[in-house]
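A.B. asks: Here it is: the structure, laid out below.
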Amino acid sequence: MWRIGLKMLMGDRAKYFTLVGSVSVVVFLFIQQGSVFCGLIGRTAKPVEAIGAPIWVVDRNLQVVDEFKGLLDTDLLRVRSVEGVKWAVPLFIRQAQVRLPNGKFQAVRLVGIDSATLVGRPPRLLEGRIEDLNAPDAVIVGRAEMERLGSPKIGDTFEINDRRARVVGIADVPRDFLSNPYLYTTFERAVQYVPRERKLMNYILAAPKEGYTTEQVLENIQRTTGLAAYDEDGMRWLTMNYYMRNTGIPVNIGISVVLVFLVGMAVIGQTFYAFALQNEKYFGALKAMGAGSGTLVGMIVLQSIIVGLIGYGIGAGGGSLVGYLGGRGAGKLAFYTPYQLLIISFAATMLICVLSSLLSIQRVLRLEPAVVFRG
Numbered sequence: 068m069w070r071i072g073l074k075m076l077m078g079d080r081a082k083y084f085t086l087v088g089s090v091s092v093v094v095f096l097f098i099q100q101g102s103v104f105c106g107l108i109g110r111t112a113k114p115v116e117a118i119g120a121p122i123w124v125v126d127r128n129l130q131v132v133d134e135f136k137g138l139l140d141t142d143l144l145r146v147r148s149v150e151g152v153k154w155a156v157p158l159f160i161r162q163a164q165v166r167l168p169n170g171k172f173q174a175v176r177l178v179g180i181d182s183a184t185l186v187g188r189p190p191r192l193l194e195g196r197i198e199d200l201n202a203p204d205a206v207i208v209g210r211a212e213m214e215r216l217g218s219p220k221i222g223d224t225f226e227i228n229d230r231r232a233r234v235v236g237i238a239d240v241p242r243d244f245l246s247n248p249y250l251y252t253t254f255e256r257a258v259q260y261v262p263r264e265r266k267l268m269n270y271i272l273a274a275p276k277e278g279y280t281t282e283q284v285l286e287n288i289q290r291t292t293g294l295a296a297y298d299e300d301g302m303r304w305l306t307m308n309y310y311m312r313n314t315g316i317p318v319n320i321g322i323s324v325v326l327v328f329l330v331g332m333a334v335i336g337q338t339f340y341a342f343a344l345q346n347e348k349y350f351g352a353l354k355a356m357g358a359g360s361g362t363l364v365g366m367i368v369l370q371s372i373i374v375g376l377i378g379y380g381i382g383a384g385g386g387s388l389v390g391y392l393g394g395r396g397a398g399k400l401a402f403y404t405p406y407q408l409l410i411i412s413f414a415a416t417m418l419i420c421v422l423s424s425l426l427s428i429q430r431v432l433r434l435e436p437a438v439v440f441r442g
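My numbering puts the sequence shown at residues 68 to 442.
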């Protein structure tokens with residue numbers, strides 16, 4: 068019986084390809100929209116990944132990494148004195164305006180790292196040496212979005228707040244949500260590039276001593292200093308949750324995904340119904356030969372599962388390929404496909420196929436065996 072069901076499914080090539088094509092398009096759109104959402108939200112936390120510190124100490128009211136909430140110099144000393152802290156260094160992250168040689172201005176993400184330890188430096192240098200950051204007026208440019216700065220080379224100069232900056236290196240830095248170029252320099256030089264304020268430091272980076280877990284040190288810092296402390300993953304989720312709560316990204320993409328689900332179910336359901344209508348004589352013949360309703364339902368469910376599996380493979384492969392081609396290298400497409408999205412999309416695809424097949428199942432169950440003798 069199962070072989071007969073498969074032959075019925077694939078015998079009509081037009082209906083078969085229409086079913087598989089419909090499922091493939093639904094899966095493609097589901098993967099594409101879900102991956103864009105994950106990519107956009109993931110980019111909001113790229114500044115955290117670009118620094119890569121074990122522990123972040125911040126103001127208790129900080130909601131997102133892009134906020135500037137200053138800390139006092141005494142806060143750094145207090146963190147260094149906390150039990151279990153191996154080292155603690157200042158960090159400066161803030162938006163700044165760069166004046167290019169052609170007279171245009173460009174916003175950048177200015178990162179000031181500790182000049183002694185260089186903790187918080189770019190994850191990977193493509194050109195230059197990290198030690199050159201201690202040279203006068205030295206900055207390292209992140210490759211992502213560097214074309215906005217005129218694609219500078221080592222030795223090129225520009226101005227930040229009427230102060231000279233000279234490029235000494237190019238770093239491989241991930242593209243973030245705001246899509247502004249990264250500029251790395253020393254902490255002391257970074258605070259000179261922006262307007263003076265009473266509190267110049269807005270982050271403290273730290274690490275646990277041997278014999279202490281990160282969780283223990285985080286708890287000690289929060290209890291002793293009254294500041295907030297996060298590990299790298301916690302800092303990432305703090306930022307991502309802020310954007311999910313306070314922007315329209317989840318709602319807009321969520322509506323698109325729901326529409327894809329509903330339209331896909333409608334199209335696939337109609338196609339399954341037309342398939343059952345066209346093959347009702349064969350189902351009637353099987354009933355006349357003694358096939359029970361359970362057997363016929365099983366055949367239809369098997370057909371829907373086969374269509375779902377093939378369509379899912381094509382759609383998921385196509386969606387992933389588009390993301391790979393659009394997001395690799397210097398691509399600007401925000402595209403990230405976690406394995407959880409693949410599992411959810413697979414479950415949704417099979418649900419659409421099974422629910423859509425219910426329309427044809429109802430028709431088959433009401434079918435009279437005498438239909439096989441009609442002209």
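Each residue gets a CB set at the ideal place from its N, CA and C atoms; glycine is no exception.
Got a sec, what are the start and stop residues for the beta strand (DSSP E) Glu226 sits in?
C.D. replies: 224-227
A.B. asks: Taking Arg230 as the reference, give the member of Ala202, Arg166, Leu200 with the closest Cα.
C.D. replies: Arg166
A.B. asks: How far does the alpha helix (DSSP H) with Gly101 in it reach, from first residue to last?
C.D. replies: 80-111
A.B. asks: Would you give the residue range spanned by the beta strand (DSSP E) that Glu194 belongs to?
C.D. replies: 192-195
A.B. asks: Give the single residue among Val125, Gly380, Val374 whose Cα lies nearest to the Cα of Cys420.
C.D. replies: Closest option to Cys420, Cα to Cα, is Val374.
A.B. asks: Find the nearest neighbour of Ile122 within the set Leu285, Gly88, Phe328, judged by alpha-carbon distance.
C.D. replies: Out of Leu285, Gly88, Phe328, the CA that lies nearest to the CA of Ile122 is found in Leu285.
A.B. asks: Just to confirm the assignment: which complete beta strand (DSSP E) runs, minimum length 3, are found wholly within the stretch 224-283?
C.D. replies: 224-227, 230-238, 249-253, 270-275
A.B. asks: Where does Val149 sit, in a helix, a strand or coil, going by DSSP?
C.D. replies: coil
A.B. asks: For Ala295, which beta-bridge partners are listed by DSSP?
C.D. replies: Beta-bridge pairing links Ala295 to Val125.
A.B. asks: Under three-state DSSP, which class holds Ala383?
C.D. replies: helix
A.B. asks: Opposite Pro157 in the DSSP bridges: which residues?
C.D. replies: Answer by DSSP bridge pairing, in chain order: Ile271.
A.B. asks: Per DSSP, which one or two residues make a beta bridge with Arg166?
C.D. replies: Phe172, Glu226
A.B. asks: Taking 8 Å as the threshold, find out whether the stretch 273-291 comes into contact with the stretch 82-92 through three or more Cβ pairs.
C.D. replies: Touching, no.
A.B. asks: Grouping DSSP H, G and I as helix and E and B as strand, with all else coil, what is Val364?
C.D. replies: helix
A.B. asks: Return helix, strand or coil for Gly179, following the three-state DSSP convention.
C.D. replies: Three-state result, Gly179: strand.
A.B. asks: Given a cut-off of 7 Å, decide if Gly209 and Pro248 are closer than it, judged by their beta-carbon atoms.
C.D. replies: yes
A.B. asks: Which residues does DSSP list as the beta-bridge partners of Gly209?
C.D. replies: Ala238
A.B. asks: Determine the closest residue to Asp140 out of Lys171, Phe159, Gln337, with distance taken between C-alpha atoms.
C.D. replies: Phe159
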